[in-house]
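Single-structure report; data block below.
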């Protein structure tokens, strides 16, 4: 369980750096948000910042659930949050799998599959 959490948090950290890069104008938009833009427009840059915040929230929940770093107390609320995260990630698998961007499909779908798996283990 702890290894799964650490792998998930490490992956979320890398995804956060990726989203931050996109928000700052890095030309990697083909791997995110449908892959339509090489450099994201303003509204999608804001979306990348929101994604970064969501990734932080997910990491906090997973670290708390595994007991590595107790930010949220163990209990019903945390259990519900982790299940919501799992469902969110499963939906993300399908959203990435049907992306018009081949790069996004091939890069992000496996990553989200791993994240969902590690979340379920946590």
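In the working numbering, the protein residues as written are 70 to 191.
Glycine included, C-beta positions come from ideal geometry on N, C-alpha and C.
Whether residue i touches residue j by CB criterion (8 angstroms)
i, j, result
"residue 133", "residue 141", "yes"
"residue 173", "residue 87", "no"
"residue 191", "residue 125", "no"
"residue 193", "residue 113", "Nothing in the structure corresponds to residue 193, since the chain is present only between 70 and 191."
"residue 185", "residue 162", "yes"
"residue 203", "residue 188", "No answer is possible for residue 203: it lies beyond the span of the chain, which begins at 70 and ends at 191."
"residue 91", "residue 75", "no"
Classification of residue i by the beta-carbon crowding that lies within 10 angstroms, buried from 16 upward
i, result
"residue 154", "buried"
"residue 82", "exposed"
"residue 122", "exposed"
"residue 165", "buried"
"residue 98", "buried"
"residue 156", "exposed"
"residue 84", "buried"
"residue 115", "exposed"
"residue 71", "exposed"
Range covered by the alpha helix (DSSP H) that runs through residue i
i, result
"residue 44", "Since the first residue of the chain shown is 70 and the last is 191, residue 44 is not available in this structure."
"residue 85", "71 to 92"
"residue 124", "111 to 135"
"residue 163", "145 to 166"
Any non-hydrogen atom of the ligand FMN closer than 7 angstroms to residue i Cβ
i, result
"residue 108", "As far as ligands go, the structure on display features none, and thus does not contain the ligand FMN."
Distance between beta carbons of residue j and residue i, contact taken as under 8 angstroms
i, j, result
"residue 170", "residue 104", "2 angstroms"
"residue 80", "residue 183", "7 angstroms"
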